[in-house]
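Below: one structure, written as structure tokens.
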Amino acid sequence: MLNRRTLLAAASAALACLAQFPAAAQEAVKIGLILPMTGPFASTGRQVSAGVKTFIETHGDTVAGKKIELIIRDDAGVADQTRRIAQELVVNDGAKVLAGFGLTPLAMSVAPVATQAKVPTVVMAAGTASITKASEYITRTSGTLPQYSLPVGTWAAENGIKKVVTLVTDYGPGIDAEKWFTKEFKSKGGEIVEAVRVPLQNPDFAPFLQRVRDAKPDAVFVFLPSGVGSLFMKQFADRGLAEAGIKLIATGDVTDDDILNSMGKPAIGTITGHFYATAHDSPENKAYVEAFKKANNNMRPNFMSVGGYDGMALIYAALEKTKGDATGPAFMAAVKGLSWTSPRGPVSIDPDTRDIIQNIYIREVKDVNGELQNVEFKTFAALKDPEKAEAK
Amino acid sequence: MSVLPQEATMVATSSPTAAASRAAKLMKRRSRVRFYEIIVWLAAIAAFFVLPSKMLILTEIAILALFAVSLDLVLGFAGIVSLGHTAFFGLGAYIAGLVALHYVAEPVVGLLAAGIGAGLLGFITSFLILRGSDLTRLMTTLGIGLMMAEMANQMAWLTGGADGLSGFSLGPILGMFEFDLFGKTGYVYCLVVLFVGTMLMRRLAFSPFGLSLKAIKANPMRAGMIAIPARKRIVTVYTIAAVFAGMAGALLAQTTSFVSPDVLAFHRSADVLLVLTIGGTGYLYGGIFGAVLFTLVKDWLSIVTPQYWMFYIGLILVVLVLVGRDRLARWIEYLPEHLSKSKEEGR
Amino acid sequence: MLTILFDGVAYGMLLFILACGLTVTLGLMNFINLAHGAFAMAGGYVTVVMMNRYGISFYWCLPAAFIVSALIGLVLERTLYQWLYQVSHLDQVLFSIGIVFMAVAATDYFMGGQQQLINLPPELSGRMDVFGVGVGRYRLFTIIVCAALALALQLILSKTRFGSRLRAAVDDRRVAMGLGINVPLVFALTFAFGSGLAGLGGAMGAEILGLDPNFPLKFMIYFLIVVSVGGTSTVSGPFLAAMLLGIADVAGKYYVPAIGPFVIYALMIVMLIVRPNGLFARGGR
Chain A
1 MLNRRTLLAA ASAALACLAQ FPAAAQEAVK IGLILPMTGP FASTGRQVSA
51 GVKTFIETHG DTVAGKKIEL IIRDDAGVAD QTRRIAQELV VNDGAKVLAG
101 FGLTPLAMSV APVATQAKVP TVVMAAGTAS ITKASEYITR TSGTLPQYSL
151 PVGTWAAENG IKKVVTLVTD YGPGIDAEKW FTKEFKSKGG EIVEAVRVPL
201 QNPDFAPFLQ RVRDAKPDAV FVFLPSGVGS LFMKQFADRG LAEAGIKLIA
251 TGDVTDDDIL NSMGKPAIGT ITGHFYATAH DSPENKAYVE AFKKANNNMR
301 PNFMSVGGYD GMALIYAALE KTKGDATGPA FMAAVKGLSW TSPRGPVSID
351 PDTRDIIQNI YIREVKDVNG ELQNVEFKTF AALKDPEKAE AK
Chain B
1 MSVLPQEATM VATSSPTAAA SRAAKLMKRR SRVRFYEIIV WLAAIAAFFV
51 LPSKMLILTE IAILALFAVS LDLVLGFAGI VSLGHTAFFG LGAYIAGLVA
101 LHYVAEPVVG LLAAGIGAGL LGFITSFLIL RGSDLTRLMT TLGIGLMMAE
151 MANQMAWLTG GADGLSGFSL GPILGMFEFD LFGKTGYVYC LVVLFVGTML
201 MRRLAFSPFG LSLKAIKANP MRAGMIAIPA RKRIVTVYTI AAVFAGMAGA
251 LLAQTTSFVS PDVLAFHRSA DVLLVLTIGG TGYLYGGIFG AVLFTLVKDW
301 LSIVTPQYWM FYIGLILVVL VLVGRDRLAR WIEYLPEHLS KSKEEGR
Chain C
1 MLTILFDGVA YGMLLFILAC GLTVTLGLMN FINLAHGAFA MAGGYVTVVM
51 MNRYGISFYW CLPAAFIVSA LIGLVLERTL YQWLYQVSHL DQVLFSIGIV
101 FMAVAATDYF MGGQQQLINL PPELSGRMDV FGVGVGRYRL FTIIVCAALA
151 LALQLILSKT RFGSRLRAAV DDRRVAMGLG INVPLVFALT FAFGSGLAGL
201 GGAMGAEILG LDPNFPLKFM IYFLIVVSVG GTSTVSGPFL AAMLLGIADV
251 AGKYYVPAIG PFVIYALMIV MLIVRPNGLF ARGGR
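Chains as they are written, first to last, in the working numbering: chain A, 1 to 392; chain B, 1 to 347; chain C, 1 to 285.
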């Protein structure tokens with residue numbers, strides 16, 4: 001009677017869950033952290049969860065008299081899993097806040113749950129602009145692609161670059177990046193010679209790079225998800241594009257701090273725009289990097305980890321403000337307009353869109369004491385997400 | 001019971017009527033409702049009352065079960081190893097999502113539309129799997145699945161691309177039952193579809209049609225010799241399996257009110273194959289048992305070891321094959337076979 | 001134009017060397033081994049660890065990758081695979097998917113989930129001009145190595161004693177055993193050799209294809225395409241298939257980027273419909 005036995009097991013597990021629920025609920029705020037811990041996007045999950053844990057270690061696990069309890073669950077980057085886990089966390093485990101979400105579809109799939117159950121939902125990594133529009137209870141601590149693609153366009157136009165080929169991964173975020181870079185660059189008088197889109201499943205960049213080379217632009221603007229980005233970088237150098245006088249400008253995903261150091265020489269000189277670099281020069285960041293490295297076997301924190309860290313900062317600050325009330329409307333009211341100093345610099349939450357307002361830095365990859373770093377040299381202060389700013 | 005065994009009628013010693021009644025009895029015995037079947041459905045209904053907090057995972061099990069049962073029709077009966085069954089699942093999910101987004105919010109309409117759409121795709125693609133060896137079929141089905149996935153990503157104006165299809169909400173089922181946050185309605189809905197679907201497929205599988213499929217699977221050449229139109233039968237069964245796979249996809253889209261491109265991902269095809277293996281192939285209920293076990297084990301492992309549960313799933317697979325999955329699946333035979341006391345035929 | 005052709009050939013060569021081990025297990029031993037990519041990944045990680053942690057030269061890493069993968073293959077063949085030559089294809093598929101899952105999780109555990117990168121020796125990086133055609137040095141290196149291997153493989157199979165024994169063992173296991181051929185040994189060595197080749201391919205491909213724990217899953221499809229299109233009974237079939245796919249893929253992406261990703265799948269399906277048993281079917285099966 002295999003089925004009956006498993007049912008019994010499941011039943012007893014459910015009962016056990018129910019039994020412990022009321023005891024723990026009094027003084028604890030449970031945060032359901034849903035991340036891709038396995039599968040192709042596991043590195044996102046690893047960084048974000050490390051960032052979250054670093055925050056709890058450095059700031060303690062109580063806020064406004066409530067104990068913060070973290071429940072980490074893996075969705076393997078599959079949207080319907082995310083949705084089910086979110087629903088279960090809310091209904092069964094009594095999670096008061098949902099957080100995490102490595103990719104856009106994963107965050108989108110949770111939006112109906114957030115709306116229906118009025119659960120505050122903190123997006124810590126996914127970057128498509130439209131996510132916060134999907135539900136009133138979604139806020140974000142990472143950044144949006146338009147937000148950090150646009151300044152790259154501004155910078156390029158102001159620094160003598162006339163003709164650009166864009167090369168992006170052919171999916172939502174890539175198209176976002178392409179659109180906003182192009183828009184800004186064109187409005188400043190630049191010319192887009194060609195727009196190349198690379199399929200998501202793409203082992204070899206050779207044909208695309210050849211296209212770029214044949215178009216003879218001044219620079220190529222690139223957005224690729226972080227792991228693939230490093231591969232691209234090597235092939236870019238190998239194909240001699242740099243010698244052909246083609247500059248590489250990109251969003252910060254390509255020179256992801258997590259793997260930047262292993263990219264080696266070809267990466268040097270790449271110009272990228274992003275909201276966080278491990279090398280960011282501020283006391284907050286120094287403390288953060290030190291704590292992070294210590295807790296995580298000397299791993300470098302990247303922009304995803306800082307999204308996780310700030311996500312927790314946001315939750316703590318909001319709970320402080322509501323005196324521990326984590327119900328949807330109160331929490332979200334507290335979130336709006338919140339501002340604090342993050343390792344990445346000053347950030348705040350836009351009261352209208354619940355999206356993050358932050359500095360975007362233009363950085364160059366340099367060899368600093370034998371390690372490759374994204375060194376910031378220009379700041380675009382307090383940028384809003386341009387897509388939602390424009391819609392108004 | 002329209003198909004009479006041809007040789008039997010030729011043989012002088014037994015009269016045609018006797019042979020016919022023997023065949024009829026055989027078919028009847030094969031298709032009799034077994035003890036465990038009733039247990040399964042009773043347990044599923046009981047779960048609704050006993051486990052109110054587990055509705056969502058039960059819903060997932062029901063959807064996976066329908067998907068796996070439909071694959072069993074192709075794999076266990078027709079013997080086609082398919083790595084692309086998810087093409088139908090995904091198409092069904094997208095159709096259901098699009099119907100809800102643009103036309104009707106009522107779920108049953110979307111469900112039927114998804115079934116029809118997936119069935120059409122199944123019919124068209126079934127001609128591609130008629131030829132070749134196991135490997136060729138494996139690759140063709142896989143290729144179709146991958147093309148579908150790529151298409152869903154490319155046609156962003158229709159499917160939302162990699163961001164997934166969202167922003168639709170489902171109306172009450174048949175205008176009466178609203179979907180709730182606890183997933184109770186969703187579970188009952190999926191369970192009803194699973195029940196009806198399984199019963200239909202069961203009727204089909206244990207009919208002379210199903211028997212002829214098994215003959216084709218066992219030996220295509222001999223099946224051809226006793227005048228079984230192998231090609232036609234395979235096309236039919238593949239289409240029907242596609243219909244139900246599409247419906248399973250529709251259920252997923254409707255209960256989560258979201259369609260992501262990974263409904264077409266390869267790992268889903270692998271998962272469902274795994275489900276069927278755990279449960280055993282060739283008797284339909286394998287899909288249901290497999291879905292229950294697989295989902296529970298996976299859920300438990302992903303809580304215990306969020307990062308490395310894949311390792312244990314792999315280990316289970318390897319052990320399963322090494323021990324011999326037939327041996328494991330045979331436990332079903334030790335259950336009492338009949339519910340009624342009628343034992344007139346014997347063995 | 002010629003550069004595209006050149007890139008396509010290099011890519012095709014790489015696919016061939018990754019997949020030809022699979023041709024051996026699948027075609028000669030009739031075993032659907034979806035875990036083939038796991039051996040390639042092992043080779044890749046051996047290279048990464050040797051180069052990045054111990055600073056050993058890239059040229060030494062290649063044979064090391066071959067040997068380590070071959071040893072892993074040998075051990076697995078002796079302990080696990082050999083029991084499964086007679087079982088159904090479905091069982092083989094499931095078993096090897098299981099192996100893939102385990103390999104992916106184990107690699108993630110030991111090496112972490114991030115993309116692994118290697119730094120090539122300077123004489124292999126960059127590109128040069130040959131008669132006005134831009135040629136990547138590393139790609140040229142890949143082509144030379146892979147072509148040499150393909151040739152060697154063909155010779156081994158058709159000219160040596162071991163090759164004839166292997167073919168005999170495959171054609172009729174019982175008769176071959178009756179003739180005094182140690183069939184299990186031949187199979188084990190063949191399997192190890194195939195895995196070793198995959199490992200070498202993984203090591204060479206790390207630069208172009210990348211390397212992370214999901215490698216076996218990501219590229220399984222490509223291996224299978226090469227083998228199923230090329231047919232499994234010869235070496236030249238998969239070789240040509242790999243070339244064709246490599247060139248079609250690269251050219252498709254260059255000239256018609258909008259439908260680029262479909263080219264390879266569509267090509268496969270068309271080929272399979274036209275020649276269900278591969279480009280150069282030996283007939284029979």
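Where a beta carbon is used, it is the ideal one built from N, C-alpha and C, also for glycine.
- At a cut-off of 8 Å between beta carbons, Phe208(A) contacts chain C.
- With its beta carbon less than 8 Å from one in chain A, Leu117(C) belongs to the interface.
- Between Ala277(A) and Glu376(A) a beta carbon distance of about 6 Å is seen, short of the 8 Å cut, so the two are scored as contacting.
- For Gln81(A), there is no enclosing beta strand (DSSP E); the enclosing alpha helix (DSSP H) has its first and last residue at Ala79 to Val91.
- Counting only Cβ-Cβ distances below 8 Å, Ile313(B) has contacts in chain C at Gly98 and Phe101, in chain order.
- Beta-bridge partners of Thr251(A) (DSSP): Gly273(A).
- Judged by their CB atoms, Val229(C) and Ala241(C) are nearer to each other than the 8 Å cut-off.
- Think of a sphere of 8 Å around the beta carbon of Trp60(C): no beta carbon from chain B falls inside it, the nearest being about 31 Å out.
- The beta carbon of Val81(B) sits closer than 7 Å to the beta carbons of Leu75, Asp134, Arg137 and Leu138 from its chain, once the five residues preceding and following it are set aside; these are given in chain order.
- Contact of Val321(B) with chain C is assigned, a C-beta pair being separated by under 8 Å.
- Within its own chain, the residues whose Cβ lies closer than 7 Å to the Cβ of Ala198(C), once the five positions on either side in sequence are excluded, are Leu18, Gly21, His36, Phe39, Ala40, Gly43 and Ser69, listed in chain order.
- Under the rule that a run must span 3 or more residues, the beta strand (DSSP E) segments found entirely inside the region 155 to 206 of chain A read 163 to 169 and 191 to 198.
- Think of a sphere of 7 Å around the beta carbon of Ser228(C): the chain B residues whose beta carbon falls inside it are Leu135, Thr136 and Met139, in chain order.
- Assignment of Gln373(A) by DSSP, reduced to helix, strand and coil, places it in the strand class.
- Under the 8 Å criterion on CB atoms, Arg127(C) is classed as interfacial with respect to chain A.
- Under the DSSP assignment, Phe223(A) falls in the beta strand (DSSP E) whose first and last residues are Ala219 to Phe223.
- The C-beta of Asn214(C) has 16 or more other C-beta atoms within 10 Å across all chains shown, which makes the residue buried.
- Between Asp350(A) and chain C, the shortest Cβ-Cβ separation is not below 8 Å.
- Against Ile4(C), the close residues of chain A are Ala206, Pro207 and Gln210, in the order they occur along the chain (beta-carbon pairs closer than 9 Å).
- Between the alpha carbons of Ser57(C) and Met221(B) lies a gap of roughly 58 Å.
- Within the region 66 to 85 of chain A, Ile72, Arg73, Asp74, Val78, Ala79, Asp80, Arg83 and Arg84 place their CB atoms closer than 7 Å to a CB of chain B, listed in sequence order.
- From the beta-carbon of Met263(A), the residues of chain C found nearer than 8 Å are Leu117.
- Every beta strand (DSSP E) of 3 residues or more that sits fully in the region 115 to 189 of chain C is shown, in chain order, as 127 to 130 and 133 to 136.
- Where Thr121(A) is concerned, the enclosing beta strand (DSSP E) starts and stops at Thr121 to Val123.
- In summary, the residues of the region 111 to 139 of chain A whose CB is separated from some CB of chain B by less than 8 Å are Ala111, Pro112, Val113, Gln116, Ala117, Thr128, Ser130 and Ala134, in the order they occur in the chain.
- Three or more beta-carbon pairs drawn from the region 77 to 96 of chain A and the region 36 to 45 of chain A are found closer than 8 Å, and the two stretches are therefore classed as touching.
- Using a 10 angstroms sphere on the CB of Ser149(A), the tally of other CB atoms reaches 16 or more, which defines it as buried.
- Assignment of Val97(A) by DSSP, reduced to helix, strand and coil, places it in the strand class.
- Asp180(B) carries a coil assignment under DSSP once its states are collapsed to helix, strand and coil.
- In this model, Arg268(B) and Ala253(B) are separated by some 15 Å (Cα to Cα).
- By the rule that beta-carbons nearer than 8 Å mark a contact, Leu167(A) does not touch chain B.
- By alpha-carbon distance to Thr144(A), the top candidate from Asp204(A), Pro120(A) and Glu178(A) is Glu178(A).
- Secondary-structure assignment with DSSP links Lys30(A) through a beta bridge to Glu69(A).
- Gly60(A) has its alpha-carbon roughly 15 Å from the corresponding atom of Ala295(A).
- Under the three-state reduction of DSSP, Glu364(A) is assigned to strand.
- Measuring C-alpha to C-alpha distances from Ala157(A) to each of Met312(A), Pro146(A) and Thr182(A) identifies Thr182(A) as the nearest.
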